[in-house]
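Protein chains in written order, with our numbering: chain L, 1 to 256; chain S, 257 to 512; chain U, 513 to 768; chain P, 769 to 1024.
4 protein chains.
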Amino acid sequence: MTNLREGDLVLLLDSKQRQYLVTLQAGKEFHSHAGFISHEEIIGAGEGVTLRSTRGASYTVLRPTLSEFILKMPRGAQVIYPKDIGPILMLADIRPGLRVLESGVGSGALSMGMLRCGVDIVGYELREEFADRARANVERFLGAEALDRYRIELRDCYEGIDETDLDRVILDLPEPWQVVSHAATALRPGGLILAYSPSIVQVMQFREALDKAGFILADSMEVLNRGWHVDGMAVRPDHRMVAHTGFLTTARRGVE
Amino acid sequence: MTNLREGDLVLLLDSKQRQYLVTLQAGKEFHSHAGFISHEEIIGAGEGVTLRSTRGASYTVLRPTLSEFILKMPRGAQVIYPKDIGPILMLADIRPGLRVLESGVGSGALSMGMLRCGVDIVGYELREEFADRARANVERFLGAEALDRYRIELRDCYEGIDETDLDRVILDLPEPWQVVSHAATALRPGGLILAYSPSIVQVMQFREALDKAGFILADSMEVLNRGWHVDGMAVRPDHRMVAHTGFLTTARRGVE
Amino acid sequence: MTNLREGDLVLLLDSKQRQYLVTLQAGKEFHSHAGFISHEEIIGAGEGVTLRSTRGASYTVLRPTLSEFILKMPRGAQVIYPKDIGPILMLADIRPGLRVLESGVGSGALSMGMLRCGVDIVGYELREEFADRARANVERFLGAEALDRYRIELRDCYEGIDETDLDRVILDLPEPWQVVSHAATALRPGGLILAYSPSIVQVMQFREALDKAGFILADSMEVLNRGWHVDGMAVRPDHRMVAHTGFLTTARRGVE
Amino acid sequence: MTNLREGDLVLLLDSKQRQYLVTLQAGKEFHSHAGFISHEEIIGAGEGVTLRSTRGASYTVLRPTLSEFILKMPRGAQVIYPKDIGPILMLADIRPGLRVLESGVGSGALSMGMLRCGVDIVGYELREEFADRARANVERFLGAEALDRYRIELRDCYEGIDETDLDRVILDLPEPWQVVSHAATALRPGGLILAYSPSIVQVMQFREALDKAGFILADSMEVLNRGWHVDGMAVRPDHRMVAHTGFLTTARRGVE
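The structure is reproduced here in structure tokens:
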């Protein structure tokens, strides 16, 4: 891991643990309530250093994790959070070389998690601005070469899937059941479908469609993360937590 | 995805959804209470087919996911379960090219999850039979080439770490706080340490050691998976669930 | 609190914390794998004493709590557990003097919790053996005088409610929505309806009926109890837990 | 249930479900951003009616449940919430006639829950303003006659307990372990001790003290309430929830 370079993405961490996402660029400055730090001071420094702004505030410089990036990147109201991305990687058995259809792509959060595991993604996305933002986020975090494995088409997954012999179909759509019959022909035998759904009613309808289409091993669950406050003798769960994002349903394509 | 071949790992799924893990080998047979199926029938078939045993029971053939493999592979009493492996991949920001120290390696479950994301692992493990089993599991599921990125040393992580400039130190040990000072010098600045700990007392002691050693962004949490039963009008969480495996604590090495 | 007397209900606790429920009766014996203890030894002893059976096993004698009694009393497959009874007492604001309709009564577990808070209960129950068992449990745990405030009618709550000006309607029925219009006239204004429902689909249908009938403040939730293992340095949540019993929905009758 | 009278406690509910707690008093007015309602309009009306303020906002009038009262009554930073009061009533087996020591009394929330079940409470409380507020809350919600069963002494429970033959000792104190030896002599055999503790470290120290003092059946747990959003097809857990208040530990006094 070499020193920080122009174009690198960094996280500046202030003394109150607030995080700021910055892409390093010669000639630019990071401005805060306490003056600024020129990017040139950061370029060439090592990760983990703490620098001072012109008016004395200290900022620690780190490369962001994917989780940190997702929470700071440009994104729409809805995003699949890191809490669910890790479990999805396991549930969908994401591994190098798989051909994945993802629809919609949202802001690209889950795409980045899967691309990083070495898959090829075709994204079906209705809204051009979502496609653009997802691509921009992927390029910024993973680099331009990741785009070689990330092709987004502006189209409606409910109307059909052109790809065949897919390994995975990953859905974050309001009506995933509309995709089931398309997925049944687009997936190779043994291939896996996964849907992320906020409402349990969506889960019910998706499960019904999966059963009708002959999918096997259908399973639904939800993931809860419980943060802990650990400070000397005060050791307890956080007072509040995210209680719900979405349900995760998986199934595999059998052969009739 | 081509047809099943000799040497392939498959999961046989009976009509009651019970799963059997089999490595295909010409001349062998899979025996059950309902007669047998010869491996040669399976070899050459496509994933997803359903075959019948000599006495008429039907078995669907699938390649196992990593999660399914972990639950069926030879393993000791303690293993890091898929429930935690997905979140660990995100919390530890596992990505291709990272150099990871893992101690202990247990049965290799977490190792497989990380290797599949493209890291290089050095494992410190005290017990030779654990090292052997972990290597065997990795080879069986990921193939022999994965061993090029998986080197296990029979040694005690409490006594020191020889590696330097590590990107990650991942601990599943009874006393992770004994490793903190070693990790502080073995990790590159900005590097990340993660410990999996069953008891909250371990978390307390680990967090105290992290603070003393100048680690930053320390955070502790636990992951709960809640399964759902979805069957027509009967839609409810499963009656019972795994309520605890381990707490996950992460921190990053700052520069003093 | 005087010494134990004939007719008292006691819990015998063996050295492995197993519990046995016994009603003390002169001339009787409590038999175990390790011989017996005559009830007469227990009668006259004080709560908390530890006695030995004829073959040397020790048993501690306690009066059971309602929770302990519910887990040991004769009961059908379905019972409202102590986990939900405490929350129901608060959600339904159970207090002395209220007139409560309960349907069905099941094995009387919730009835006992409410009777103990001083309410009068009319139970509508379809099955005579359930009514008999509920009454027997109430009498055994709370004494015969509690039956003065506990009247069970063998009838179907879906077909109507004869009572008027009720303070509470408490439902543990497969189709609580069938009771909503009856409850709307049987409850006094401001009165409260509560349903315990295993499936979220039941909750959906009940909520829809409540809205249509003009009920206000409708709210649904579920209660999770997480046990902790606390033993020296091993301090962690129990490995497994009850993940689901039923959803609790409450609403109040407004005035149109 | 008669009409509302002077002195009655009511909850005014606006169209956005916001709640306002009011004690009815002739000559007074309830003021809001949308004009006012004179108390005299409410006095004599029936529960459940909807009234309009001078500038046209509508308010539904209900008697508050204990849970609603606790969330609106004057209280300090810390209070035992309804979420835990229901479970405590079951865990501590609260029933008519028990003699309970409670320390501290906080704002009286738990006291009200227990008094309503018919117990006699002696409260040990260090701070006079807490004692006064607890008494005022009890009187306002339960009426003056409840004070006959609620005696608060300004004293430190760590220094000893004068009462003997107590049925229950209920603790909401920072160091409950300091009370254990006092409770061991103050409780009758078979009596029950319960502590509410925010930090798991408090639980550990309390449990250790209980074991040393010969208490039996020690058990620790926590209660989680998960709210559900049920609105047509959108049926899901609430996005956020209270993840922690306190751990509940119970044990019973054995006889040495």
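Every residue gets a Cβ at the ideal spot worked out from N, C-alpha and C, and that includes glycine.
Measure the Cβ-Cβ separation of residue i and residue j and say whether it is below 8 Å.
| i | j | result |
| --- | --- | --- |
| arginine 149 (chain L) | valine 119 (chain L) | yes |
| tyrosine 315 (chain S) | serine 323 (chain S) | no |
| valine 335 (chain S) | serine 363 (chain S) | yes |
| glutamate 303 (chain S) | leucine 318 (chain S) | yes |
| threonine 249 (chain L) | arginine 207 (chain L) | yes |
| valine 650 (chain U) | valine 991 (chain P) | no |
| arginine 898 (chain P) | glycine 872 (chain P) | Looking at the sequence provided, one finds phenylalanine at residue 898 (chain P) rather than arginine. It is a contact, given that the beta carbons lie within the stated cut-off. |
| leucine 101 (chain L) | alanine 234 (chain L) | no |
| arginine 936 (chain P) | glycine 958 (chain P) | no |
| leucine 779 (chain P) | glutamine 787 (chain P) | yes |
| histidine 438 (chain S) | glycine 416 (chain S) | yes |
| leucine 915 (chain P) | arginine 923 (chain P) | no |
| leucine 678 (chain U) | arginine 700 (chain U) | yes |
| cysteine 629 (chain U) | isoleucine 606 (chain U) | yes |
Assign residue i to one of three DSSP states: helix, strand, or coil.
| i | result |
| --- | --- |
| isoleucine 682 (chain U) | strand |
| methionine 204 (chain L) | helix |
| glutamine 946 (chain P) | helix |
| glycine 982 (chain P) | coil |
| arginine 765 (chain U) | strand |
| isoleucine 152 (chain L) | strand |
| leucine 403 (chain S) | helix |
| alanine 57 (chain L) | coil |
| leucine 224 (chain L) | strand |
| lysine 88 (chain L) | Looking at the sequence shown, residue 88 (chain L) is not lysine but isoleucine. Three-state result, isoleucine 88 (chain L): helix. |
| leucine 269 (chain S) | strand |
| threonine 279 (chain S) | strand |
| tyrosine 926 (chain P) | helix |
| leucine 110 (chain L) | helix |
| alanine 451 (chain S) | strand |
| alanine 977 (chain P) | helix |
| proline 864 (chain P) | coil |
| alanine 951 (chain P) | helix |
| proline 749 (chain U) | strand |
| proline 330 (chain S) | coil |
Does residue i come within less than 8 Å of chain U when only Cβ atoms are used?
| i | result |
| --- | --- |
| arginine 820 (chain P) | no |
| leucine 993 (chain P) | Note that residue 993 (chain P) is asparagine in the sequence shown here, rather than leucine. Yes, because at least one Cβ of chain U sits closer than 8 Å to the Cβ of asparagine 993 (chain P). |
| valine 457 (chain S) | yes |
| tryptophan 945 (chain P) | no |
Please check if any C-beta of chain S sits within less than 8 Å of the C-beta of residue i.
| i | result |
| --- | --- |
| methionine 745 (chain U) | yes |
| isoleucine 938 (chain P) | no |
| arginine 240 (chain L) | no |
| arginine 116 (chain L) | yes |
For chain L, find out if any of its Cβ atoms is closer than 8 Å to the Cβ of residue i; answer yes or no.
| i | result |
| --- | --- |
| isoleucine 838 (chain P) | no |
| alanine 1011 (chain P) | yes |
Can you check which of these residues, the options, is closest to residue i by C-alpha distance?
| i | options | result |
| --- | --- | --- |
| leucine 91 (chain L) | S:Asp340, S:Gly353, S:Thr420 and S:Ile350 | S:Asp340 |
| glycine 300 (chain S) | S:Gln281, S:Arg372 and S:Arg496 | S:Gln281 |
| proline 174 (chain L) | L:Ala146, L:His229, L:Glu163 and L:Met204 | L:Met204 |
| alanine 451 (chain S) | S:Arg444, S:Leu466 and S:Pro445 | S:Leu466 |
| histidine 751 (chain U) | S:Lys272, S:Gln273 and S:Tyr337 | S:Tyr337 |
| alanine 569 (chain U) | U:Thr577, U:Gly588 and U:Phe548 | U:Phe548 |
| phenylalanine 759 (chain U) | U:Gly739, U:Gly625, U:Ala696 and U:Pro688 | U:Pro688 |
Would you say residue i faces chain P, with C-beta separation under 8 Å as the test?
| i | result |
| --- | --- |
| serine 220 (chain L) | no |
| threonine 572 (chain U) | yes |
| isoleucine 549 (chain U) | no |
| arginine 236 (chain L) | yes |
| proline 198 (chain L) | yes |
| aspartate 605 (chain U) | yes |
_Continuous beta strand (DSSP E) assignments of at least 3 residues falling wholly in the region 112-141 of chain L_ = 120-125
*Which ranges does the alpha helix (DSSP H) cover as unbroken runs of at least 4 residues, wholly within the region 26-71 of chain L, from first to last along the chain?*
39-42
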